[in-house]
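In what follows, a single structure is set out as structure tokens and then discussed.
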Amino acid sequence: MNKAKIIFKAHSAFITIYYAILVVWTLVSVPLLISKSSSISTLLLGMNAFVIVITWYWSLGLVYSIELEDIHVVRLKSLRRNMTFNVGDVRRIVAPPSRIQFGFLRLCLSRETFYTFFSSSRPLKKILMTIKNHSPNTQFVKFSPYYFEETHS
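Position 14 of the sequence shown, counted from 1, bears residue number 13 in numbering that gives the first Met the number 0, the numbering being contiguous throughout.
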């Protein structure tokens, strides 16, 4: 018997603002580096270019969609790649500080770590509650003590 899919998609405003800031940062940094390239060392220029490339690489890996299928299969989608794994594979989930209702959520598997946009939405809460209930070895770090309580609002 298949249970319905639970889908969390990050709010488009979060994604738009994040990538807009990243684009502006890049558009300011790259011309500044090019204009200063003759007066700074090649090593410093390379280090700055490396930071820009790594920032974009990491940012394109940010998960914007989490799907929970059949209570046991989790699918993560990002601009860089998609990943599928079982609920029991999640070792640790780290939230932003408990009073913050948005930010990044870190999902740690045994060999990989994924970051996703976090907001206090019902679908995400249902997915996290399912992981908590079906994977007792998963650690939940920095979550409010009240996050997993049932609310009837």
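We put the beta carbon where it would ideally sit given N, CA and C, even for glycine. Note that the structure is predicted; figures quoted are calculated from it, not measured.
Do you know offhand how far residue i's Cα is from residue j's?
i: Thr83; j: Val73; result: 6 Å
i: Ile16; j: Leu78; result: 16 Å
i: Lys125; j: Lys131; result: 10 Å
i: Phe101; j: Val22; result: 21 Å
i: Ser40; j: Phe49; result: 14 Å
Assign residue i to buried or exposed, taking buried as 16 or more other Cβ atoms, counted over all protein chains shown, within 10 Å of its Cβ.
i: Phe116; result: buried
i: Met0; result: Residue placement at Met0 is poorly supported in this model, since its pLDDT is 45, which falls under 50; the coordinates still yield a value, given next. Burial call: exposed.
i: Ala12; result: exposed
i: Val86; result: buried
i: Ile65; result: buried
Please classify residue i: does DSSP put it in a helix, a strand, or coil?
i: Thr83; result: strand
i: Leu61; result: coil
i: Ser143; result: coil
i: Ile51; result: helix
i: Arg73; result: Correcting the residue identity first, residue 73 is Val in this sequence and not Arg. Strand, per DSSP.
i: Val89; result: coil
i: Leu44; result: helix
i: Ile33; result: helix
Closest Cβ-Cβ distance between residue i and chain C: below 7 Å?
i: Tyr63; result: Of the chains in the structure shown, none is chain C; there is only one protein chain.
Ordered along the chain, which non-local residues of its own chain (more than five positions away) have a Cβ less than 8 Å from that of residue i?
i: Leu108; result: Phe84, Asp88, Val89 and Arg90
Got a sec? Which residues, its chain only, sit under 7 Å from residue i by beta carbon, not counting five neighbours each side?
i: Glu148; result: none
i: Ile33; result: none
Only counting the same chain, and skipping five residues up and downstream in sequence, which positions put a Cβ closer than 6 Å to that of residue i?
i: Glu111; result: none
- Note down, one range per segment and in chain order, each beta strand (DSSP E) of at least 3 residues found wholly within the segment 98-134. The beta strand (DSSP E) runs lying completely inside the segment 98-134 and spanning 3 residues or more are 101-107 and 112-118, given in chain order.
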